[in-house]
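Data block below; observations after.
Number of protein chains: 2
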Amino acid sequence: MTDIKVADSVADFLAKQGIRHVFGIIGSANAHLFDAVYQHPKLELVCLHHEQACVMAAHGYFMQSGRMAAVLVTAGAGITNALTGVVGSWADSVPVLILSGQEATKQFKSNNLARMIGIQGVYVESIYKTCTKNVVTCQDPEQVLREVATALNFAKTDRQGPCIVDIPIDLQAARLDVDVAESALAVPLSPIQPQLSCLASEDLHQLADALQKSQAPLLWLGNGLRRLASDDLRTLVKDLGVPYLTSWTANDLFSPIEGLYAGHAGTYGGRAGNVLLQSCDLLITLGTRLAIPQKGYLDDELARRAEIFVVDCDQVELDKLGSRFSKKFLADAPTALTQIHAVVQSVGQLAIELWLEHVREVRQEMPLVEACHRNETWIDSYSFMAELGSAARSDVTFVTDMGTALISGFQVLEPSDGQRLFTSQGLGEMGYGLPGAIGAWFADADRKVVCLNCDGGLMMNLQDLHSVISHEIPLKIVIFNNDGYLMIKHTQNAIVGGRRAGTDAGSGLTCPNYESLVKAFGFRYLSLRKADLTSDVIQNFLQAEGPVILEVFMAPDQLLVPKLSVSITADGRLVSPPLEDLSPLLTLQSLKKNLLVPLHPKSISLDRVVSDSKGDAIY
Amino acid sequence: MTDIKVADSVADFLAKQGIRHVFGIIGSANAHLFDAVYQHPKLELVCLHHEQACVMAAHGYFMQSGRMAAVLVTAGAGITNALTGVVGSWADSVPVLILSGQEATKQFKSNNLARMIGIQGVYVESIYKTCTKNVVTCQDPEQVLREVATALNFAKTDRQGPCIVDIPIDLQAARLDVDVAESALAVPLSPIQPQLSCLASEDLHQLADALQKSQAPLLWLGNGLRRLASDDLRTLVKDLGVPYLTSWTANDLFSPIEGLYAGHAGTYGGRAGNVLLQSCDLLITLGTRLAIPQKGYLDDELARRAEIFVVDCDQVELDKLGSRFSKKFLADAPTALTQIHAVVQSVGQLAIELWLEHVREVRQEMPLVEACHRNETWIDSYSFMAELGSAARSDVTFVTDMGTALISGFQVLEPSDGQRLFTSQGLGEMGYGLPGAIGAWFADADRKVVCLNCDGGLMMNLQDLHSVISHEIPLKIVIFNNDGYLMIKHTQNAIVGGRRAGTDAGSGLTCPNYESLVKAFGFRYLSLRKADLTSDVIQNFLQAEGPVILEVFMAPDQLLVPKLSVSITADGRLVSPPLEDLSPLLTLQSLKKNLLVPLHPKSISLDRVVSDSKGDAIY
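Each protein sequence line maps, in turn, to chains A and B.
Read left to right, the first sequence gives residues 352 to 970 (my numbering).
Read left to right, the second sequence gives residues 352 to 970 (my numbering).
Encoded structure:
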């Protein structure tokens, strides 16, 4: 009888299931697993310096490659430190397998509810119950193997997300007969395929009919489509010939299709995207959860002349949508799109030439970078993004942090030809950018990974600047220096009369001198203060070998626009304009020219001279 | 009718209730509260750079002063980032009031269970339910005030701990009639006093009888006694005349009483403390939760000839204790001690002269720093601690991180004359030291705060080195450089044959060059590599003005001893020795001389030459 140590069996299983990288930090409660993973010839153990960064790296790893990474943390603070990364992966439907060490099983025998379990253990199941697909603390050696196999599978099926297997230290060290181990691992290995339904025939035909009748149909493509290969997806959409918006998480699904791509929409949407959204007469959303930044707060004003069909694989997300969304189909988005494509193909091309022409015109009329993005004194982040976008080749992956990096990055960059652009879109936690980019590089070391950060947010994972150096990752990091938390300064402009508190150096919040700091870490440092040098510096930055940081000095009060802002009517009332009427407000004429629906009464009522950016005080 | 904004009312209430400092980070979901706190003339808002650090600072603030601080975080990642600090406060019974911003109330109306609430909201109640005294997401403006008042009170009563009030952004901005606001705040203001019971008369007399009869009684004092003023507590114990141990969290309750102080005990206990613990015939524990590092794993071997009485205010902690602890009394420790003192006083002094003499002898025979703590090549952390302890004056507060700082700090330093020594003892999270020390300084800026860190653990809150500089905190920080995670290296020696994985530079884990890094932050930097210079450098370090960091280079494999370690019997079996038999193992003669009970059969069975440190592989 041959036996195997449970920790070794787990490591071997991970390798066999295609896991290549494990991000982790060792502690006394995961030391057997750490040893097993580190010794395994087919697994690479990547040590970072905070557990939140480990999970965020696994998030970025999956976003880049579609392959899962595992995370290995210890008991107590090891697993509590992981929370923000886990919730971020949960929000973005990113599968991550988290293995946490735990106190020995005998500490659970008494079912005690004291504040700590054993020496440093915490109640992992209760903390993580509502923000993971599954979390379980194992109680015997075979269960460890069953749960690991189940979690690896479950994380990747249906709507994806993180799973936690919490493994007491004695079980890691336990030994099992190899046959017993193998059968424990085999049980849950149903094929790793989406178990999702297609559109019911009735629903499909209702939808196809609507498409046939529509004069101005619009697709809204979401991240749920990512299971389809990029080229296949692009071909489907191109063949279908229907204009489309992308959600921010779906913007890099495939290279924009000239003539069909309508941009992106939302409270920080592109002007063209929002105008086209509001102009369509049929809206079909596919695999996007219609978060508030995307659909706005007032459902009745969304695509107000359109019929809306929603296709999503998560009943809970469908249930959350109000009465404006009456046609909701529980189905796998890639399957649904394939079905729709087949039906439309069978009845011939859609007759929407005028609409297609309008889409092209609006996209031309309303460019992403506008006059308000010019600045003589500072670098404007929008103009910078436009230059960065043009300079970047197809092998570039942009990973953004929050604030300026997120907003101007996603508003301006339109990834094409295999470029990638992502962040932790749902939770939007400051600090994601750096570990997300580290994860992306481990997933594909041939990519040129450009990490877009801000001075405030970078602090949240500052420690892992060292990991970039120690693991010799040729990361290109931009730090937008805007003296603190720029987005919140705009919130303060909107809701507390512009009073500052904890948002800039004048109100108690400073960031370090990044030049000396990042040099001390071992980075090459570049900076940019004058607009006329932008393209040269960007070229130097992108072509630099090894880890390099470019600090971009922008106006500490630069607007992040266009965006939906509370505005003022001629008779002095504050109103929230409809989605097409972003600040800075355009003239009514310009709006009217591009919109295929009548101007909204609220738009007509606005005092367009007095109104200006009132921040994001809409809730 | 005058009205008041809810956020202002909350800020005003905090100030009136004696809160002076609020540690926080702003976001769009707590911006009204941030504004109100920042504007309030009697509140100081301290911005740090990670929410975990904010809660840890509030922990250190309370440990230093016995006064509560508040913490103000935003929705989503703001509150998820706080988890580790909250669990640490929960474990250590430290009251902290955490106010978190949340999405607007209308996002809760549909009772939806989608992965995110509103834009960035998370389910705070479900995450924090089992690691706080109370957590509630408010649904109307009056409830906000009621819950804040209740939480502030509740955190400080009975067994203390953190409370979270989760406040949607619309409620922060809401206005209430001032009378309505005042009555909402008034409701829960029962007097903030322990609602704890005294010892029942029968129990008290049982205990007092046992004391009268005992030849060798021993008290084990815990942190639960801290409600008594230090001097009063010392007088009580001195008057009682019974030798005492302190738990690690209670070591700085009062200046050691010469002749009565028996030291500390446990798996990393002092040798004298453990021998005296095992020698006593009556053990009375007061306000200590008898965690495993304190009592060891094998209850039957603890104080094996003694009757044990346990006094604790938390029934759950009493319930967790096994059958060895038959006399368990639910009572407030300070009250119980006062009662015991009164009864003993009334019947005259205890006749325990021989025992007192033995306590003095054992303390002399078994010093804290031993021959094994000498090192010719590197600085030994124990010898360093001894020098640091002698050089420190009464105005010094030591705040430790984990690993070397924790173990050698708590094993060697014996705070006296008002010196303080604390850490996050229960959860023991790496990274606590720095924010804990920051909190301690804000609680009492007249203290000289010395923060004891290690190269590995400091990384976990590295960002807040900047806060030390920006807030001009004259912190004295020691970094023990031991090439990674020293304690876990010893674990690896014990359980995986010494194989390294993610614990040092040779196995994938490096730390930055701290000299250049901390200079870049703006610290003065000192280092210590040779033992003969220790006392000079320590003097320079302690007398430096402003923020200063001393890096201490120790052997990367230095032992952290004495400690309870798995040892080897003459016939080759591995056994866990009894608590008095710490490694490095003493001779049987030496043990026998100091122990008042017969040698344990396991001690007799050990091969004392072959056995050496086997790490902490006991679980």
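Cβ coordinates follow ideal geometry from the N, Cα and C atoms, glycine included.
Collapsing the DSSP output to three states places A/CYS482 in a helix.
For B/PRO685, the enclosing alpha helix (DSSP H) begins and ends at 684 to 698.
For A/TRP599, the closest Cβ of chain B is not nearer than 8 Å. Using a CB distance cut-off of 8 Å, A/CYS398 counts as an interface residue toward chain B.
At a cut-off of 8 Å between beta carbons, B/GLN814 contacts chain A. Rounded to whole angstroms, A/PHE505 and A/GLU704 show a C-alpha spacing of 44 Å. Between the beta-carbon of B/LEU522 and that of B/THR431 there is about 21 Å, and that puts the pair past the 8 Å contact cut.
A/GLU721 sits in coil when the DSSP states are folded into three classes, being neither helix nor strand. Along the segment 748 to 765 of chain B, none of the residues has a CB nearer than 7 Å to a CB of chain A. Using a Cβ-Cβ cut-off of 8 Å, B/THR435 counts as an interface residue toward chain A, since at least one Cβ of chain A sits closer than that to its own. For B/CYS514, the three-state secondary structure derived from DSSP is strand. Listed in chain order, the positions of the segment 426 to 450 of chain B with a beta carbon within less than 7 Å of a beta carbon of chain A are GLY427, ALA428, THR431, ASN432, LEU434, THR435, VAL438, TRP441 and ALA442. Across the structure, B/SER379 and A/THR618 are spaced so that their CA atoms are roughly 15 Å apart. Three or more beta-carbon pairs separated by less than 8 Å are not found between the segment 697 to 711 of chain A and the segment 882 to 893 of chain A, which leaves the two stretches without contact.
With the rule of 3 Cβ pairs closer than 8 Å, the segment 902 to 918 of chain A counts as touching the segment 820 to 840 of chain A. By the Cβ rule, the segment 357 to 369 of chain B does not count as touching the segment 942 to 959 of chain A, because fewer than three pairs are nearer than 8 Å. Contact between the segment 580 to 590 of chain A and the segment 735 to 751 of chain A is absent, with fewer than three C-beta pairs closer than 8 Å. B/VAL406 is outside the set of residues whose beta carbon lies under 8 Å from a beta carbon in chain A.
Contact of B/PRO863 with chain A by beta-carbon distance below 9 Å involves GLN814, LEU816, HIS817, ILE820, SER821, ALA871, PHE872 and GLY873.
B/LEU816 is positioned such that its CB atom lies no closer than 8 Å to that of B/VAL800. Distance from the CA atom of B/GLU823 to the CA atom of B/TYR783, rounded to whole angstroms, is 19 Å. Fully contained in the segment 404 to 432 of chain A are the following beta strand (DSSP E) runs of length 3 or more, in chain order: 421 to 424. For B/TRP571, DSSP records a beta bridge to B/LEU596 and B/THR636. For B/PHE831, no CB of chain A lies under 8 Å from its own CB, so it is not counted at the interface with that chain. Residue state for B/ALA358 is assigned as helix, using DSSP reduced to three classes. Secondary structure note for A/GLN629: it is in no beta strand (DSSP E), and the uninterrupted alpha helix (DSSP H) holding it is 622 to 630.
The three-state secondary structure of A/ASN504, taken from DSSP, is helix. Under the criterion of beta carbons closer than 8 Å, A/GLY429 and A/SER451 qualify as touching, at roughly 6 Å. The beta carbon of B/GLN458 sits closer than 7 Å to the beta carbons of ILE468, GLY469 and GLY472 from its chain, once the five residues preceding and following it are set aside; these are given in chain order. For A/SER565, same chain residues with a beta-carbon under 6 Å away, outside a window of 5 residues either side, are ASP632 and LEU633 in chain order.
With a 10 Å radius around the Cβ and a threshold of 16 neighbouring Cβ atoms, B/GLY673 comes out exposed. Rounded to the nearest whole angstrom, the C-alpha separation of A/GLY859 and B/LYS881 is 41 Å. Below the 9 Å Cβ cutoff, chain A contributes THR431, ARG466, VAL473, TYR474, SER477 and ILE478 as neighbours of B/CYS482, in chain order. In this structure, B/CYS805 places its C-beta atom within 8 Å of the C-beta atom of B/THR755.
Note on the segment 703 to 782 of chain A: whole alpha helix (DSSP H) runs with a minimum of 4 residues are 704 to 716, 732 to 742 and 755 to 763, in chain order. For B/PHE676, no chain A residue has a Cβ inside 8 Å of its Cβ, as the nearest lies near 13 Å away.
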